[in-house]
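Yeah, the sequence shown ends on 393 if you go by the numbering used here, and it's all consecutive.
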Amino acid sequence: MSAPGSFPAGPPRPAAPNPAGPGGGEPVTVRALVARGAGAELRIERIRLSAPGPGEVRVTIRAAGVCHSDLSMVNGTIAARFPLVLGHEATGVIAEVGPGSALRVGTPVVLNWAPACRACWWCRNGEPWLCADTTAPTVPRGETDDGLPLHLTLGLGALAEAVVVPENAVIPIPAGLPPERAALLGCAVLTGVGAVHNTARVASGDSVAVIGLGGVGLAVLTAARRAGATTILAVDVAEAKRDLALAAGATDFLLSDDRLSKEVRARTEGRGVDHAFECVGRAATIRAAWRLTRRGGVVTVVGMGAKDDMVSLGALDIFHSARTLRSSVYGSSDPDREVPALAAELADGALDLRALVSGTVSLDDAPTAFARLARGEGARWVVTLD
Ligand code: APR
Ligand code: ZN
8 MSAPGSFPAG PPRPAAPNPA GPGGGEPVTV RALVARGAGA ELRIERIRLS
58 APGPGEVRVT IRAAGVCHSD LSMVNGTIAA RFPLVLGHEA TGVIAEVGPG
108 SALRVGTPVV LNWAPACRAC WWCRNGEPWL CADTTAPTVP RGETDDGLPL
158 HLTLGLGALA EAVVVPENAV IPIPAGLPPE RAALLGCAVL TGVGAVHNTA
208 RVASGDSVAV IGLGGVGLAV LTAARRAGAT TILAVDVAEA KRDLALAAGA
258 TDFLLSDDRL SKEVRARTEG RGVDHAFECV GRAATIRAAW RLTRRGGVVT
308 VVGMGAKDDM VSLGALDIFH SARTLRSSVY GSSDPDREVP ALAAELADGA
358 LDLRALVSGT VSLDDAPTAF ARLARGEGAR WVVTLD
């Protein structure tokens, strides 16, 4: 995995679009999962996307994961604009390129919800995940069948038959990967693996606790196992997550209740864990992660919480415990470099994501998958398209 501060510029991109390229395509109408407002019922609707312009491509989606961040757009956790196409964790195939594009039709890709500009201070200083040009939670593009301006989750709106996105939002991957697993490289897996390797830098022999066992937390567990952590404590409010956690690499499952701190200390010689990962996105679980971590240990916040959900920590505790509290945005990763590396590992079997996918559903059944996510059922549900 990469070390922050040592990123190359990423794969070559055309410096400027060539106006003499193909392009000139027609707008397309596709089916997509749309929310008309916060709390509104999710529906499959027809949406119109214009043909890719210079520096853009159209991608036919093969598989898209259902992530809690999509739910956060519609349940009021994150302020979003509507009508909104959900989805930001996906794989597909380039179907059309804009004028002058160096990308080729037919190339399999994973979508990137935080494409780096490669020019701002953060990109130039090796932190492309903090790019100043970072995608807003919802980005305007396309229109509904009844002519309303449409918005796309994280600039992608990937729970759809197709997307039209900037060229730097696609990352080529090898052909032939199982789409329902390749899709996860675009969010849960990159986030989880990056949080462990790049942000927290978990070392062999470390003890780890992971709070929240959805697609993201299970990816963190898998990565902690691969990093050689020996004590891996999986924590959730749902007992049903026990088997999933053990399959993903946990050494123990613990219920998130008032005995949690005691149980964790009993498994870490009374100290607490070296690393706690918060994969829920709530102040209460950030506090819990803080309490489970040993003096001098590290709390890594992976969940995306609400603006007004305040975390309270004692000033003396912060000083005396000497813990580090940091967040991991998109796994502190350079997706252009790390997604192809993960895709190669998925291809050769070194990265086993089978435990992360609970099942696949059709686009028509995507609302059902959201209901399961909201109830905390399963690991990742993935929408697959033909
Ligand atoms: N303590 C422990 N676990 C909890 C708690 C709690 N208080 N509250 C919820 N959980 C568990 C749920 O039972 C579920 O298993 O957290 C898990 C969250 O899983 P998902 O809803 O599948 O979320 P996921 O897609 O993994 O995303 C997790 O990362 O990217 C962010 O926005 C995303 O904040 C979200 C987080
Ligand atoms: Zn996500």
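Idealized CB from N, CA, C, for every residue including glycine.
Annotation for residue 184: 350, 353, 354 place their beta carbon closer than 7 Å to its own, counting only its chain and skipping 5 residues before and after. Listed as beta-bridge partners of residue 214 by DSSP are 238. Boundaries cannot be given for residue 85, as no alpha helix (DSSP H) includes it and DSSP labels it neither H nor E. For the pair residue 299 and residue 188, the Cα-to-Cα distance works out to about 32 Å. Non-local C-beta neighbours of residue 128 in its own chain, meaning closer than 8 Å and more than five positions away in sequence, comprise 139, ordered along the chain. One thing to note: residue 71 has its Cβ within 8 Å of the Cβ of residue 165. When the beta-carbon positions are compared, residue 218 and residue 285 come within less than 8 Å of each other. Around the CB of residue 209, 16 or more other CB atoms lie within 10 Å, so the residue is classed as buried.
For residue 218, the Cβ falls inside the 7 Å cut-off from some heavy atom of ligand 1. The alpha carbon of residue 333 has as its nearest neighbour, out of 324, 296, 368, 248, the alpha carbon of 296. By the Cβ-count criterion, residue 248 is buried, with 16 or more other Cβ atoms from all chains shown falling within 10 Å of its own Cβ.
Of all alpha-carbon atoms in 45, 319, 57, 318, the one lying nearest the alpha-carbon of residue 154 is that of 57.
The shortest CA-to-CA distance from residue 94 to any of 283, 182, 117 is the one to 117. Burial of residue 148 is indicated by the presence of at least 16 other C-beta atoms within 10 angstroms of its C-beta. Note on geometry: alpha-carbon atoms of residue 121 and residue 169 lie some 18 Å from one another.
Excluding five sequence positions before and after residue 376, the CB atoms of its chain that fall closer than 6 Å to its own CB belong to 73, 368, 388, given in chain order. Boundaries for residue 142: no alpha helix (DSSP H) harbours it, and the DSSP string shows neither H nor E there. With a beta-carbon spacing of about 6 Å, residue 317 and residue 290 fall inside the 8 Å limit used to define contacts. Using a Cβ distance threshold of 8 Å, residue 307 and residue 202 count as a contacting pair. Checking the 7 Å criterion, the Cβ of residue 268 is out of range of every heavy atom belonging to ligand 1.
Placement of the Cβ of residue 195 at a distance of less than 7 Å from at least one heavy atom of ligand 2 is found. Residue 386 is a Cβ neighbour of residue 225, given a cutoff of 8 Å.
Comparing alpha-carbon positions, the option among 36, 47, 384, 326 lying closest to residue 221 turns out to be 384.
Judged by DSSP secondary structure, residue 387 falls within the beta strand (DSSP E) whose first and last residues are 387-391. Sequence-distant partners of residue 178 (beyond 5 residues in either direction) whose C-beta falls short of 7 Å from its own C-beta, in its chain, are 116, 117, 119, 342, 343, 346, 347.
Judged by their CB atoms, residue 237 and residue 212 are nearer to each other than the 8 Å cut-off. Ligand 2 has a heavy atom closer than 7 Å to the beta-carbon of residue 96. Three or more beta-carbon pairs drawn from the stretch 101-114 and the stretch 58-70 are found closer than 8 Å, and the two stretches are therefore classed as touching. Residue 243 counts as buried, since at least 16 other C-beta atoms from the protein chains shown sit within 10 angstroms of its C-beta. Per DSSP, residue 326 has no beta bridge partner at all.
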